[in-house]
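> Numbering (the UniProt record's numbering), first residue to last: 1 to 174.
Idealized CB from N, CA, C, for every residue including glycine.
Please read all numbers here as calculations on a predicted model, not as lab measurements.
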Amino acid sequence: MRTLPVLSLRPATLDDAALIASIHSSSWQATYRGLLPDAFLDGEVTRERAAYWEARLGAPGGERRIVLIAELAGTPVGFMCVERQPESTWGVLLDNLHALPGYQGIGAGKLLMRAAEDWARAQGETQLYLYVLEGNAPAIGFYERQGWTFAGAEPDHMGGVDITALRYVYRLER
């Protein structure tokens, strides 16, 4: 009888900034091809995400967010960041949910999403929200299959181009 490797979650620390940046940029490079300029995805995205995560994980206000890393038998395969937004009418922001391309479909995204829901509930929140790039059909399909609903669109700017970010919400059951 074969045993399958186990998915697990662990809290991220400042020491994980480079790891998270690497997962984040790899995810964007695979997912946003055709949505963002190749020059951005092949060049500055890695440096930009490294600086972003170094600053974010070292920033004050860590009590308003949780960053978890998903591991498969000890190998990092994804991460999520969820953060309370004090002035938000939409609830808690699921700001990042990424699985490395070679590990999508193994349950890491669902496990990370459930952890985000649990954390938000523990904070006394009743709803999560996220943004997904218009045209990112695989992610949109994933979120909709998990029960998220479309709640609007907003203009944004990313990788040097104007984009449309679609807002999705998820009502937390008590």
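Would a C-beta distance cut-off of 8 Å place H24 and N96 closer than the cut-off?
Cβ atoms of H24 and N96: closer than 8 Å.
> Would you mind giving the Cβ-Cβ distance between R10 and I66, rounded to the nearest angstrom? I have them listed as a contact below 8 Å.
With 8 Å as the limit, R10 and I66 do not qualify as a contact, their Cβ atoms being about 11 Å apart.
> What number of angstroms, rounded off, separates the C-alpha of A120 from the C-alpha of T126?
So the two alpha carbons sit approximately 8 Å from each other.
> So which of P155, G135, L130, E44 has the shortest CA-CA distance to Y143?
The residue with the shortest Cα to Cα distance from Y143 is L130.
> To which residues of the same chain is N136 closer than 7 Å at the C-beta, ignoring the five residues directly before and after it?
Excluding sequence neighbours, N136 sits near T31, L35.
> For the candidate residues V132, Q146, D162, I20, whose alpha-carbon lies nearest to that of K110?
The shortest C-alpha separation from K110 is found at Q146.
> Report yes if the C-beta distance between V77 and A108 is below 8 Å; otherwise report no.
Yes, Cβ-Cβ distance for V77 and A108 is below 8 Å.
> Can you check whether the CB of A59 is closer than 8 Å to the CB of V6?
Contact flag unset, no.
> Helix, strand or coil for G147? Go by DSSP, reduced to three states.
It is coil, neither helix nor strand.
> Which runs of the alpha helix (DSSP H), 4 residues or longer, sit entirely within the segment 29-101?
With a minimum length of 4 residues, the continuous alpha helix (DSSP H) runs that stay inside the segment 29-101 are 45-58.
> Which one or two residues does DSSP pair with R121 in a beta bridge?
In DSSP, R121 forms no bridge with anything.
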